[in-house]
Amino acid sequence: MRAPAADSFPALGTTAHVVVTEPGALRTATAALHADLAALDRAASRFRADSEIRAAERAAGREVVVSRLLADALDAALRAAELTDGLVDPTVGSCLDALGYDRDLADVTPWTGTGTPGPAPGWWRLGWDAARRALVVPRGVHVDLGATAKAFAADSAARRLAADLRCGVLVDLGGDIAACGPAPEGGWRVAVGDDHRGGAEPGDAVVTVHSGGIATSGTAVRRWRHGLAHVHHLVDPRTGEPTTGLRSATVAAATCLEANTAATAAMVLGTDAPAWLAARGLPARLTDDDGRVHVVAGWPDGRTV
288 MRAPAADSFP ALGTTAHVVV TEPGALRTAT AALHADLAAL DRAASRFRAD
338 SEIRAAERAA GREVVVSRLL ADALDAALRA AELTDGLVDP TVGSCLDALG
388 YDRDLADVTP WTGTGTPGPA PGWWRLGWDA ARRALVVPRG VHVDLGATAK
438 AFAADSAARR LAADLRCGVL VDLGGDIAAC GPAPEGGWRV AVGDDHRGGA
488 EPGDAVVTVH SGGIATSGTA VRRWRHGLAH VHHLVDPRTG EPTTGLRSAT
538 VAAATCLEAN TAATAAMVLG TDAPAWLAAR GLPARLTDDD GRVHVVAGWP
588 DGRTV
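Numbering (the working numbering), first residue to last: 288 to 592.
Structure representation (structure tokens):
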């Protein structure tokens, strides 16, 4: 059996990786994933003035009919909010704006930001008719789909590419990983660490994935100074403040979206995360702010999830 083939490129403020079990399909897979992510950026980016979601915000309470792609991304975000009782909330855009993260991270300075963070307006304030793809964003509400959009895209791309190319596919979007189709012999080996930017590091946990999703949410990558404080992009919707207690959370689930939703909720919950994850039977690996590693629900380091 030939070794899988891989490619990567920058997208959505991170690095996109695609791996296929059939090397001859790699070029097609890369081109398709690139097109998918470019379309998602045009639809859902809060940093692009010409994105669909920004246009819906400018409508300031008037109904806007959105594309099928944005509708699917919104469905994913609102499903995550409902399943976590708002621990994952797509209306945290205003919280991030207040902390200065209102533009691409490379352009953030210590003195950007709109003031003191406060609680998110609440996902239930978005008017959403899925059947008609009709969205109402109340005046002053800023939508941020960053918590779920990459996981949604990873699931969608892996599923479609595996069907179209008739081979095994793994898609990794900044730590949001989806695998579909026949896995390579021995499965997909995935390194799990706090920082996904540089690949596997010595001491990282390694797990084997055959299908489904695995997602890491953490504070090591998107960090900046806000005034005199060091902050990061994961905020608690209940307060608008950056999360505390955990440095990273990795969760395995049937889909990347489910894994990402749980990992993000775990970061918000902090030290309460182990009980929340265990109650849902979700295998997880948590690193606390002091660097201690905690495993939940039989997380099998070095084995299969």
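We put the beta carbon where it would ideally sit given N, CA and C, even for glycine.
Backbone CA spacing between VAL351 and LEU422 [nearest angstrom]
Taking the sequence shown and counting its residues from 1, the one referred to as residue 351 is at position 64. Taking the sequence shown and counting its residues from 1, the one referred to as residue 422 is at position 135. Roughly 5 Å between the two C-alpha positions.
So, under 8 Å CB-CB, THR302 and SER295 are touching, yes? Tell me the CB distance rounded to an integer number of Å.
Position 15 of the sequence shown, counted from the start, is the residue given in the question as residue 302. Position 8 of the sequence shown, counted from the start, is the residue given in the question as residue 295. The pair is a contact, with the Cβ atoms about 6 Å apart (cut-off 8 Å).
Residue(s) in a DSSP beta bridge with ILE340
Position 53 of the sequence shown, counting from 1, holds the residue named residue 340. Looking at the DSSP assignment, ILE340 forms no beta bridge with any residue, so it has no partner.
Please determine, among LEU544, LEU452, GLY402, the residue with the shortest C-alpha to C-alpha distance to THR371.
Taking the sequence shown and counting its residues from 1, one reaches residue 371 at position 84. Per the Cα distances, LEU544.
Nearest residue (CA-CA) to ILE464, options ALA318, ALA441, LEU374:
Stepping through the sequence shown from its first residue, residue 464 is reached at position 177. Minimum Cα distance to ILE464 is reached at ALA441.
Can you check which of these residues, GLY402, SER535, THR558, ASP384, is closest to GLY462 by C-alpha distance?
Here residue 462 refers to the residue found at position 175 when the sequence shown is read from its first residue. Of the candidates GLY402, SER535, THR558, ASP384, the one whose C-alpha sits nearest the C-alpha of GLY462 is SER535.
With a 10 Å radius around its C-beta and 16 neighbouring C-beta atoms as the bar for buried, classify ALA552 as buried or exposed.
Taking the sequence shown and counting its residues from 1, the one referred to as residue 552 is at position 265. Classification of ALA552: buried, given that the 10 Å Cβ count is 16 or more.
Near THR378, what residues of its chain come up, given a Cβ to Cβ distance below 8 Å and the 5 sequence neighbours on each side ignored?
Against the sequence shown, residue 378 aligns to sequence position 91. Result list for THR378: ALA407, PRO408, GLY409, TRP410, ARG412, LEU413, VAL428, HIS429, VAL430, ASP431, PRO524, in chain order.
Which first and last residues belong to the alpha helix (DSSP H) in which ALA347 is found?
Reading the sequence shown from its first residue, position 60 is the one you call residue 347. Here ALA347 belongs to no alpha helix (DSSP H), and DSSP marks it neither H nor E.
Span separating the alpha-carbon of LEU533 from that of VAL479
For the purposes of this step, residue 533 is identified with residue 246 of the sequence shown, where counting begins at 1. For the purposes of this step, residue 479 is identified with residue 192 of the sequence shown, where counting begins at 1. Their Cα atoms are separated by approximately 15 Å.
Quick one, are the C-beta atoms of PRO291 and VAL306 less than 8 Å apart?
In the sequence shown, the residue the question calls residue 291 occupies position 4. In the sequence shown, the residue the question calls residue 306 occupies position 19. If you check the CB distance, PRO291 and VAL306 come in under 8 Å.
Expected contact under 8 Å - CB spacing of THR548 and ALA367 to nearest Å:
Here residue 548 refers to the residue found at position 261 when the sequence shown is read from its first residue. Here residue 367 refers to the residue found at position 80 when the sequence shown is read from its first residue. Indeed they touch by this definition, with Cβ atoms about 4 Å apart.
Please state whether DSSP places PHE334 in a helix, a strand or coil.
Counting from one through the sequence shown, the residue named residue 334 turns up at place 47. PHE334: coil per DSSP, three-state reduction.
Please report the distance separating the alpha-carbon of ASP546 from that of THR537.
Position 259 of the sequence shown, counted from the start, is the residue given in the question as residue 546. Position 250 of the sequence shown, counted from the start, is the residue given in the question as residue 537. For the record, residue 546 in the displayed sequence is Ala; it is not Asp. Rounded to whole angstroms, ALA546 to THR537 spans 8 Å at the Cα level.
Assuming ILE340 and ALA330 make a contact with CB atoms under 8 Å, what is their CB distance in whole Å?
Residue numbering aside, residue 340 sits at position 53 when the sequence shown is read from its first letter. Residue numbering aside, residue 330 sits at position 43 when the sequence shown is read from its first letter. About 7 Å separates the two Cβ atoms, so the contact holds.
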